[in-house]
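> With the numbering used here, you'll find the sequence shown wraps up at 108, consecutive numbering, no jumps.
Ideal placement from N, C-alpha and C gives every residue a C-beta, glycine not left out.
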Amino acid sequence: MADAGARFTQGSVAQHLVVTASTSALSLFAIFLVDILTLVYVSMLHDPVLLAAVGIAKVLLFFNSALTTGLIIAATAVLSERIGHRAARSVPRLTASLMLMVVMVSGLGATLQLALVVPITHWLG
-16 MADAGARFTQ GSVAQHLVVT ASTSALSLFA IFLVDILTLV YVSMLHDPVL
34 LAAVGIAKVL LFFNSALTTG LIIAATAVLS ERIGHRAARS VPRLTASLML
84 MVVMVSGLGA TLQLALVVPI THWLG
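1) Given a cut-off of 8 Å, decide if Thr21 and Val37 are closer than it, judged by their beta-carbon atoms.
2) Three-state secondary structure (DSSP) at Ala70?
3) Suppose you measure from the CA of Ile81 to the CA of Leu54; what does that come to, to the nearest Å?
4) If we ignore side chains and look at the alpha-carbon of each, how far apart do Gly108 and Val23 end up?
5) Less than 8 Å separating the beta-carbons of Thr104 and Ile39?
6) May I ask which residues mark the beginning and end of the alpha helix (DSSP H) holding Gln(-2)?
7) By DSSP, does His29 sit in helix, in strand, or in coil?
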């Protein structure tokens, strides 16, 4: 198996920041572009109910995405610490466990949103 190596532990910190920030910015741009195109397409249908439904769905997706992103960041911190301590034997099991945790909590959040969609919709207006 090839050594994964620590890619961002050597070299210029500024270059690493530029690479990671630009990658994140590009992915956010792609997400927002898809959201804008979806809203433009639905607005062409001239049905305000559909447009409102898409808007509310985007808000609910944002909350679930924020929850999932936070969990992934926390899982990455835990996994990075384990890799840093050279505990290679436990990394695959920990990775699977953390991924399962993220999927289950995200699924629970989505289920909760689905169960409470009417009160959330009234709360959002």
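A quick look at the data gives this:
1) yes
2) coil
3) According to the sequence as given, residue 81 is Leu; it is not Ile. Computed Cα separation, rounded: 9 Å.
4) 21 Å
5) Going by C-beta atoms, Thr104 is nearer than 8 Å to Ile39.
6) -4 to 26
7) coil
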